[in-house]
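Student: Dropping a structure here in structure tokens format, bear with me for questions.
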């Protein structure tokens, strides 16, 4: 059975910390289909097809300016491809 890119799960594992909690909450708020699983020391966020992390959403929850390159400090790993990574958003999705 072949799964198309629109429904194939993508995700990110984020180190659990107080600062990263705002990032996790922002991802969950921006991605209605996201599933958040808390594990010892990390949080796995998955979604079918695509996961979007926006600077604006993280800043609202963090209460300070946040630059998307700070995401590198939060993640342990990800699955999917980085389709976009600019100053305003990060998009993880599959090509096919």
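Numbering (this note's numbering), first residue to last: 1 to 96. Note that beta-carbon positions come from the ideal geometry of N, C-alpha and C, so glycine has one too.
In whole angstroms, what separates the C-alpha of residue 73 from that of residue 3?
Tutor: 31 Å
Student: Might you give, ordered along the chain, the residues of its own chain that have their beta carbon closer than 6 Å to the beta carbon of residue 6, omitting 5 neighbours on each side?
Tutor: 49
Student: Can you tell me where the beta strand (DSSP E) with residue 77 in it begins and where it stops?
Tutor: 75-79
Student: Please determine, among 57, 24 and 76, the residue with the shortest C-alpha to C-alpha distance to residue 47.
Tutor: The alpha carbon of residue 47 has as its nearest neighbour, out of 57, 24 and 76, the alpha carbon of 24.
Student: Report the three-state DSSP secondary structure of residue 69 (helix, strand or coil).
Tutor: helix
Student: Find out if the Cβ-Cβ distance for the pair residue 20, residue 27 is shorter than 8 Å.
Tutor: no
Student: Identify which residue in 75, 29 and 88 has its Cα closest to the Cα of residue 66.
Tutor: 88
Student: Could you check the C-alpha separation between residue 63 and residue 55 for me, to the nearest Å?
Tutor: 12 Å
Student: Give me the DSSP bridge partner(s) of residue 15.
Tutor: 42
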